[in-house]
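> The structure that follows is given in the form of structure tokens.
4 protein chains.
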Amino acid sequence: MTVSRKIRVGVNGYGVIGKRVALAIGRQNDMELRGVADITADWRLRLAVHQGVRLYGATTEDARAMEAANLKLEGGLDELIADCDVVVDCTPKGVGARNAPTYRAQNRPFVLQGGEAHAVAGHSFVAEANYVEAIDRAATRVVSCNTTSIVRTLTALKRAGLLRRARGTLLRRATDPWESDRGGIMNTLVPEPAIPSHQGPDARSVDPDLDVVTMAVKVPETLGHLHYWSVQMTRDASKEEVLEAFGTSPRIAYIRTADGLGAINAVKELMADLGRPHGDLYEVALWTDMLRVQGDELFYAYMVDNQAIVIPETIDAIRALAGGTRDGAASILQTNASLGIGPFDFLRAGDDPAP
Amino acid sequence: MTVSRKIRVGVNGYGVIGKRVALAIGRQNDMELRGVADITADWRLRLAVHQGVRLYGATTEDARAMEAANLKLEGGLDELIADCDVVVDCTPKGVGARNAPTYRAQNRPFVLQGGEAHAVAGHSFVAEANYVEAIDRAATRVVSCNTTSIVRTLTALKRAGLLRRARGTLLRRATDPWESDRGGIMNTLVPEPAIPSHQGPDARSVDPDLDVVTMAVKVPETLGHLHYWSVQMTRDASKEEVLEAFGTSPRIAYIRTADGLGAINAVKELMADLGRPHGDLYEVALWTDMLRVQGDELFYAYMVDNQAIVIPETIDAIRALAGGTRDGAASILQTNASLGIGPFDFLRAGDDPAP
Amino acid sequence: MTVSRKIRVGVNGYGVIGKRVALAIGRQNDMELRGVADITADWRLRLAVHQGVRLYGATTEDARAMEAANLKLEGGLDELIADCDVVVDCTPKGVGARNAPTYRAQNRPFVLQGGEAHAVAGHSFVAEANYVEAIDRAATRVVSCNTTSIVRTLTALKRAGLLRRARGTLLRRATDPWESDRGGIMNTLVPEPAIPSHQGPDARSVDPDLDVVTMAVKVPETLGHLHYWSVQMTRDASKEEVLEAFGTSPRIAYIRTADGLGAINAVKELMADLGRPHGDLYEVALWTDMLRVQGDELFYAYMVDNQAIVIPETIDAIRALAGGTRDGAASILQTNASLGIGPFDFLRAGDDPAP
Amino acid sequence: MTVSRKIRVGVNGYGVIGKRVALAIGRQNDMELRGVADITADWRLRLAVHQGVRLYGATTEDARAMEAANLKLEGGLDELIADCDVVVDCTPKGVGARNAPTYRAQNRPFVLQGGEAHAVAGHSFVAEANYVEAIDRAATRVVSCNTTSIVRTLTALKRAGLLRRARGTLLRRATDPWESDRGGIMNTLVPEPAIPSHQGPDARSVDPDLDVVTMAVKVPETLGHLHYWSVQMTRDASKEEVLEAFGTSPRIAYIRTADGLGAINAVKELMADLGRPHGDLYEVALWTDMLRVQGDELFYAYMVDNQAIVIPETIDAIRALAGGTRDGAASILQTNASLGIGPFDFLRAGDDPAP
């Protein structure tokens, strides 16, 4: 894709998601990271400045504290916004809703993350499902990690005419590695108190036609989520048909327990071996040898990297808001290429029966 | 119940299950623990002897080593068998199958545990489902912890005419506390490589009519299993009807997240506070405020204590094999009373809406 | 011991420590539990009432909420205090300091736990070190779990004239099983930010002569603490002399890795097998086959059950404050007998070389 | 450094260490990775081939199986050896000893890892301690991760004339992330059965003058080791003197809890944010604000990344064996530059009091 001018992007909030978004923007040839806003002065921001990131104070008060701690600031949030075509809000849950009026006041399109309610942006985004809807909007919301994976997979089944209804059990990592020294769970399992959990309704904020119910439970690990699905299909289908359906998504990657990838730590090791930053898994990693079709019923499991899966979606959302391209498939291809997203074909030998 | 003579029981294998079975036998007024056979000489056996358990060597070779380690033996396995009316085999998976011919040769009825295949005993046992079938048999197999919970719950739904088909996701504790210093998993999730997992077919070894499919995953904790179910009912039903159905099982106990029992560690703490040995949970602990009915669909979750749930079943199985009573409900009541099994009514205040 | 009248005890705070203290009081033939005060209405208090404990509201406001939740109260904290000879405060850290004036105002001797500062009670207590000092005092403080173990062990070495100085590394369990569904650490290690950690100075609140420095780190498990010590002795000594010194403490119990007790989960399993409530380990469990003497240096490790070790100390503290006996050794013996505390001699065969 | 010809290196064993060594060789401008030998055909080797690594079968039998699995091999181990100037053996513990005669038979210098005994190579290596000794030797052994950190730190104190004797407690990660789906420990602590643990004597294989005793314990995490030290210095010293001493090592990096780096997960996050492959920490990460001097005693703690710390040492060992440079400091500088090893100065603001 050729662009006359790069999309200028600011990132508000430099945490688990924000820092990954910033890094990914740096890999886009049609985008430019103008700067990052935050409120703390700890090592993460010092490293960012050391790495050449332009830093802004997200609030006047915090800016003062950051400068008192000898952090060099380029200005305040308003100045960052003014300097950008699109703002990506990666602040903690609920803060994005408070920031939205600020972005709107300066007339800058903005991307929210899944911690915010659908209503704040008025639109919920998964690139493969509804990229085109977001074009030229004032705002969109990249849905949460769990919801993103649900929409990717169920949309693929729906496109193939196979989806009637889906019932899922979601094992959620209890906390991120970064904050695993506080607030975690130990040697226990903590069910979400309510069934259905919120992810099902959340998926319908992207596609209201999905018949999906989820149950969720926190598990004592930090690597990512694991989803188990029981799907009622519209008809009897073969395993091949199902895999072909999932295969139409460029962000679902196939793995096999038979290749030694029988646990989520192994999948993360594979990502690190691939040289991905932070060992990030952007794809839904779906086990093909575990997947089972039984008449008109389908059972499968996949891994979701909660720190990474929304990163390519956010890049596409930026591009859609900025009108960088009106072709969702083109944006997805471009983002995928920049981040090395794609099928793990190297896992198969030449004559290996697919997949 | 009055018995002319107590049922004399021997336990072969004094591990996680064996020691609990031995303790539970000691609480039955119609049973007598004649002794325990094992193959090791470590602290567990020393403590057993210290606590008055009569110890036998399970093999000639091991017996020699045990005596060399100054453990006092009453004799070999054959002598224990000869001294018993019923033998309970609690040896590791697969060893029970090798022991079965020995028990048969001495014409002693025996109970196997769920690690053995159905065919070894020719009968699979869950007290509430098929106590009467086991009466006067030569052998029966108490099914595994997971399968026991599945049969208890689905049989209750079936009795109420509500069960069409059940699809479950089983989170399995990775190892027992006793052996958590080796062989565990850490900060990962390990799916069973095959879907369906074996528990569904195993449940059908007790009741071939059950339409049940399970998917299973090992999770990094040691406290017990957690099951999530999505059930297609035969018709629309109310939550009250469903709870009434489960309520007919004397070994399903209701808990609520709203009472502070929102995680499996809390349930275990409750068991310890109840003064139960090892903090054992013999019941299926089912969350009533999490349970959800949606038309003809039912969703719920419960906890299974893999070390404890089969203990009352084993006691009933002994009684059935020995013909202690021909009335399954009576045996269950007697076992429950001896072990303190029953509804957790104390969790509710007087006018607390049930349950 | 014969007592004319039982010591009437009230327990304020029915958490991890409070419920254990209440249970232990019930096992003393010279004490009577008059009641328990707390501020919540969850399952733990419901169970207490169900088990016959007389419940009081610790504050007027909380009492109202508890009664609104249908919990039957006998009255408020003042009424419990008035009904008691001694009050044991087991409230969370810092609350005891706020409660102290209330106890003093009613002229009731009280025992604080180790979360409070030494100054609040003006005296810090470990039975083997200074029982006699606490007799007839208005208040004493049972020091924390870690400090209790340090004083027990170092006092034993000091009594034998062997202790010059001790340097310890303390691995602290990150959270209790009861609250492991929140606030834990996962797959990480969290050093105490300051060296020395507070336990060294805290030990000197009991015995100012101890030359002890500690470093501490939170580790991701819930079972208990593990201490490693490097001790400079006053002279070259033999391993036998050291074991003889530790052996003079009736609350240090010897274990061996060679007996299969090579990890703290195994020690906890042993406690559960002993039938102890909650699987509690009241003793310092010290590995004799790991202990090493090298000239005038001594190296050893032991396990501390943070939920249990202070329970016998608290019982002794009650007895000292109430003047139940003026003989510390007699109180210790009586408490030990009531709780089953003692050497694990059953671990050794008859001719097993000690220890 | 200018080299006429690159040092040609082969790596035998492509596991946790082998793959990191291979990657690091690729970053040296005076070395060339000729190929890798292994015995398995799983995804790790497929990825290696995909990434352009030349693969060899380590045994004839395994080579056959690898080719049957459609892995393209360049030949057998002998052919790899013949093609190299230096071989690095990264096979599992004990296999290196069996391979040594093969390397010797072909007259190729080789580097062993710390799992092998000192005697197999006849020399044990830590670059800062004894680089020069290894020049032109037939073999050397890079000592284990724990021992490497001990030698780095104690050698620094010794150089400054401060070291009398050191007593350490080593918390060892229980298993590597890669294999955390098997063989781990859960919710427990597992002390090494023997005191002293082997690391102290192992450090003396590099420097026989070190007076060091270690005690070790396995802890349930996968990120790395944590060492606590209590050092008797030769004299009273200031904290500044101690930090100056440690500061002479280019592979000890200073961190502070006050900067938000108060736990080992935070240190690993910093490494990932630095863009290091696998988030590797090559340095000993030592907390300066935790370090405490008390008269002639010194107390401190540091983190060791067991997967990474030996990688730069191995690079230096290759260079020494091959005579790439006879100047150890120059080799260390070169290796450090290639891997981004160095002080974390960016953590401090301009006028931040050091360190």
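Protein chains in written order, with this note's numbering: chain A, 207 to 561; chain B, 207 to 561; chain C, 207 to 561; chain D, 207 to 561.
Each residue gets a CB set at the ideal place from its N, CA and C atoms; glycine is no exception.
Keep in mind the model is a prediction, meaning the values are calculated, not measured.
Quick check on DSSP: helix, strand or coil for Val332/D?
In this structure, Val332/D counts as coil in the three-state DSSP scheme.
> So with CB distances below 7 Å, who are the chain B contacts of Ser444/D?
What Ser444/D touches in chain B: nothing, since even the nearest Cβ is about 41 Å away.
> Here's the rule: buried if 16 or more other CB atoms are within 10 angstroms of the residue's CB, otherwise exposed. What is Met207/B?
Bear in mind that a pLDDT of 44 at Met207/B, under 50, signals an unreliable position, so the number given afterwards is only what the model happens to contain. Exposed: under 16 other Cβ atoms inside 10 Å.
> Interface residues of chain D around Phe452/A at Cβ under 8 Å?
Simply none; closest approach about 20 Å.
> Met421/D lies in the beta strand (DSSP E); which residues open and close that run?
Residues Val418 to Val425.
> Given this structure, state the Cα-to-Cα distance separating Arg554/D from Thr494/D, to the nearest angstrom.
Answer to the nearest angstrom: the Cα atoms are 13 Å apart.
> Kindly list, in the order they appear in chain D, the residues whose Cβ is closer than 9 Å to that of Pro397/B.
Those do not exist, as Pro397/B stays about 10 Å from chain D at its closest Cβ, beyond 9 Å.
> Does DSSP classify Val510/B as helix, strand or coil?
Val510/B falls in the strand class under three-state DSSP.
> Taking all protein chains shown into account, do 16 or more other C-beta atoms lie within 10 angstroms of the C-beta of Ser403/C, making it buried, or fewer, making it exposed?
When all chains shown are included, Ser403/C counts as buried.
> Taking C-alpha atoms, which residue in Tyr220/D, Val293/D, Pro298/D and Leu429/D lies nearest to Leu261/D?
The option with the nearest alpha carbon to Leu261/D is Tyr220/D.
> Alpha carbon to alpha carbon, what distance is there between Leu279/B and Glu519/D?
So the two alpha carbons sit approximately 56 Å from each other.
> Determine which residues of the region 469–496 of chain D have a Cβ less than 9 Å from any Cβ of chain C, and write them out in chain order.
Cβ contacts with chain C come from Ala469, Ile470, Asn471, Ala472, Lys474, Trp493, Asp495 and Met496.
> Starting from the beta carbon of Leu158/C, find every residue of chain D whose beta carbon is closer than 7 Å, and list them in chain order.
Residue 158/C falls outside the range modelled here, since chain C spans only 207 to 561, and no answer is possible.
> Could you give the first and the last residue of the continuous beta strand (DSSP E) run that contains His433/D?
That run of the beta strand (DSSP E) goes His431 to Met439.
> Once you ignore the five residues that flank Ala327/C on each side, which residues in its own chain have a CB closer than 6 Å to its CB?
So the qualifying residues of the chain are Leu318, Ala345, Thr346 and Arg347.
> Find the residues of chain C that neighbour Asp387/B, judging by a C-beta separation of less than 8 Å, and give them in chain order.
Under the 8 Å cutoff, chain C gives Gly468, Ala469, Asn471 and Ala472.
> Met207/C CB to nearest chain B CB: under 9 Å?
Caution is warranted here: a pLDDT of 44 is assigned to Met207/C, below 50, making its placement in the model unreliable, and no coordinate value can be reported.
> Run down chain C in chain order and give the residues with a C-beta less than 8 Å from the C-beta of Trp435/B.
Within chain C, no residue comes near Trp435/B; the closest Cβ sits about 22 Å away, beyond 8 Å.
> Please tell me whether Met477/C and Leu492/C are closer than 9 Å, where the distance is taken between their beta carbons.
No, Cβ-Cβ distance for Met477/C and Leu492/C is not below 9 Å.
> Could you check the C-alpha separation between Pro456/C and Glu427/D for me, to the nearest Å?
Their Cα atoms are separated by approximately 35 Å.
> Suppose contacts are defined by Cβ-Cβ distances below 9 Å. Is Thr463/D in contact with Pro397/C by that definition?
Contact: yes.
> Measuring straight from C-alpha to C-alpha, what distance separates Ala274/B and Phe552/C?
Each residue's alpha carbon lies about 16 Å from the other.
> In terms of residues, what are the limits of the beta strand (DSSP E) holding Ala362/D?
Run containing Ala362/D: none in the beta strand (DSSP E); it sits in the alpha helix (DSSP H), Cys351 to Arg365.
> For His324/D and Pro315/D, I'd like the C-alpha separation in whole angstroms.
Approximately 16 Å between the Cα atoms of the pair.
> For Ala526/C, which option in Ala340/C, Ala451/C and Cys351/C has the closest C-alpha, if you only look at C-alpha atoms?
Selected option, being the one with the closest Cα: Ala340/C.
> Please report the distance separating the alpha-carbon of Leu497/B from that of Ile391/C.
When rounded, the distance between both Cα atoms is 30 Å.
> Note down, in chain order, all residues in the region 308–332 of chain B with a beta-carbon under 8 Å from any beta-carbon belonging to chain C.
Here the close residues number zero.
> CB-CB under 8 Å to Leu480/C, same chain, minus the five flanking residues each way: which ones, in chain order?
Same-chain partners within the cutoff: Gly546.
> According to DSSP, simplified to helix, strand and coil, what is Arg347/B?
Residue state, collapsed to three classes: strand.
> Which of the three DSSP states is assigned to Val209/D in this structure?
The predicted position of Val209/D is uncertain, since its pLDDT is 48 and thus under 50; no value can be drawn from it.
> Should Arg378/A be counted as a contact of the ligand NAD given a C-beta to heavy atom distance under 8 Å?
Ligands displayed in this structure: none; no statement on the ligand NAD is therefore possible.
> Apart from the five residues just before and just after Val209/D, which ones in its own chain have a Cβ nearer than 6 Å to its Cβ?
In this prediction, Val209/D scores a pLDDT of 48, lower than 50, which makes its location untrustworthy; the coordinate-derived value is nonetheless stated afterwards. Asp236.
> Using DSSP with H/G/I as helix, E/B as strand and the rest coil, what is Asn471/A?
Of the three classes helix, strand and coil, the one that applies to Asn471/A here is helix, per DSSP.
> Using a Cβ-Cβ cut-off of less than 9 Å, list which residues of the region 496–516 of chain B approach chain A; keep chain order.
Per Cβ criterion, the list reads Met496, Leu497, Arg498, Gln500, Glu503, Phe505, Tyr506, Ala507 and Met509.
> If we count the other Cβ atoms within 10 Å of its Cβ and call it buried at 16 or more, is Ser444/C buried or exposed?
That one is exposed.
> Taking a Cβ distance cut-off of 8 Å, strictly less, list which residues of the region 369–384 of chain D are near chain C, in chain order.
From the region 369–384 of chain D, only Arg373, Thr375 and Leu377 have a Cβ closer than 8 Å to chain C.
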